[in-house]
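Structure first, commentary second.
Protein chains in written order, with the numbering used here: chain A, 18 to 88; chain B, 180 to 423.
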């Protein structure tokens, strides 16, 4: 049973480190989907990557600040 | 041709990283408690992982429509890649410690010394658990990258994953100690950038987007993610002194 629980946690852990951050990433993809279904311009999908990249810069700097505050 | 190389490369690199971690556990058990039980555990775990690849791979390739597949798997690959990239950024900036195979090896040894009774059973379970859990990431990478690469993508991804496992296993047998010299964190950083880029490419295609220059756009996406990661590392380092 412990092994199964560890396996399930491992599967979820593949995609989710922090639920809020994952929610933001999924939200960005959802907004991207909405925009792409209405605006058909080649290359506009790069905006999704830029938003996700900005999100990871924000999340990592925030985590670094929090860890520094705790220590 | 480029798509096949990308599929093979992503599966190979991702599998190599996880194989190093699994090998460390098997070596720790084998060198201290004998090889029979950990090898049985490893074989059982590998068979279970192979079944997962076959079942999910076939299911995905044959049952799910291409655009839906690209959207769902692309999204999962983005989340997976961003998670690896997130950790790689924090490690590069010195916020969290680098993954140390020697430390993992020592921890596994400690776990073994705590259990004197039923040695073979313990060795079997630790090897099985280590290989199976580390292998789950390999299964995901192989199925996701292979399944979304069109016809013939899955065998290429499986070949990349298998070759990585064989190379790491043979190296482990030759040196008979944890592969601490493998630049595991750098590999994870690279795979994080590659997977986030491929995932974004496929997810957007699944949403109905068209990319200028088709697959070559992955290079542009990789540049965006790599650039952002360097900016993050720089910002973190500027704020605090480096720990490790």
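For every residue, glycine included, the Cβ atom is placed at its ideal position computed from N, Cα and C.
Query	Result
How close, in whole Å, do the beta carbons of residue 261 of chain B and residue 81 of chain A come, if the pair is a contact with beta carbons under 8 Å?	Residue 261 of chain B to residue 81 of chain A, Cβ: 16 Å. No contact.
Just how far apart, CA to CA, sit residue 27 of chain A and residue 78 of chain A?	25 Å
With a cut-off of 8 Å on the beta carbons, I'd call residue 66 of chain A and residue 403 of chain B a contact; round off their distance for me.	5 Å
At a cut-off of 7 Å, is residue 250 of chain B close to the ligand COA when judged by its beta-carbon and the heavy atoms of the ligand?	For the structure depicted, the ligand COA is absent and the ligand set is empty, with no information on it obtainable.
Whose CA, out of B:401, B:217, B:385, lies closest to the CA of residue 51 of chain A?	B:385
Hey, residue 278 of chain B and residue 34 of chain A are a contact pair by Cβ (cut 8 Å); roughly how many whole angstroms apart?	That pair is no contact at about 15 Å.
Is there a C-beta anywhere in chain A that falls below 8 Å from the one on residue 315 of chain B?	yes
Could you compute how far the alpha carbon of residue 312 of chain B sits from the alpha carbon of residue 259 of chain B?	15 Å
With distances taken between CB atoms, is the gap from residue 191 of chain B to residue 348 of chain B smaller than 8 Å?	no
Given a limit of 7 Å on CB to CB distance, which residues of the region 260-294 of chain B reach chain A?	261, 262, 264, 265, 268, 269, 272, 274
Looking at the secondary structure, which residues open and close the alpha helix (DSSP H) in which residue 78 of chain A lies?	63-87
I need the straight-line Cα distance from residue 324 of chain B to residue 332 of chain B, nearest angstrom please.	8 Å
Counting only beta-carbon atoms, is residue 68 of chain A nearer than 8 Å to chain B?	no
Please classify residue 237 of chain B: is it buried, with 16 or more other beta-carbons within 10 angstroms of its beta-carbon, or exposed?	exposed
Should the region 316-323 of chain B be called in touch with the region 205-214 of chain B, which here means at least 3 C-beta pairs below 8 Å?	no
With a threshold of 16 other CB atoms inside 10 Å of the CB of residue 205 of chain B, please say whether the residue is buried or exposed.	buried
Could you tell me whether the Cβ of residue 382 of chain B comes closer than 8 Å to any Cβ of chain A?	yes
Any beta-carbon of chain B closer than 8 Å to the one on residue 55 of chain A?	no
Please look up how many angstroms separate the CB atoms of residue 185 of chain B and residue 397 of chain B, rounded, as I've assumed it's under 8 Å.	7 Å
Does the Cβ of residue 244 of chain B have 16 or more other Cβ atoms within 10 Å, making it buried, or fewer, making it exposed?	exposed
Starting from the C-beta of residue 207 of chain B, find all residues in its chain whose C-beta is less than 6 Å away, skip the five residues before and the five after it, and write them out in chain order.	284, 287, 288
Using the beta-carbon count (16 or more within 10 Å), is residue 128 of chain B buried or exposed?	The question about residue 128 of chain B has no answer here: the residues shown for chain B are numbered 180 through 423.
Which same chain residues, not among the five before or five after residue 216 of chain B, have their C-beta less than 6 Å away from its C-beta?	299, 302, 303
Please state whether the Cβ-Cβ distance between residue 59 of chain A and residue 383 of chain B is less than 8 Å.	no
Going by C-alpha to C-alpha distance, which of B:282, B:353, B:197, B:356 sits closest to residue 370 of chain B?	B:197
Using a Cβ-Cβ cut-off of 8 Å, state whether residue 61 of chain A counts as contacting chain B.	yes
Using a C-beta cutoff of 8 Å, does residue 50 of chain A count as contacting chain B?	yes
When the Cα atoms are used, what is the spatial distance from residue 241 of chain B to residue 235 of chain B?	10 Å
For residue 405 of chain B, I'd like the list of residues in its chain whose CB is within less than 8 Å of its CB, leaving aside the five on either flank, ordered along the chain.	372
Please work out which residues of its chain come closer than 6 Å, Cβ to Cβ, to residue 228 of chain B, disregarding the five sequence neighbours upstream and downstream, and give them in chain order.	314, 318
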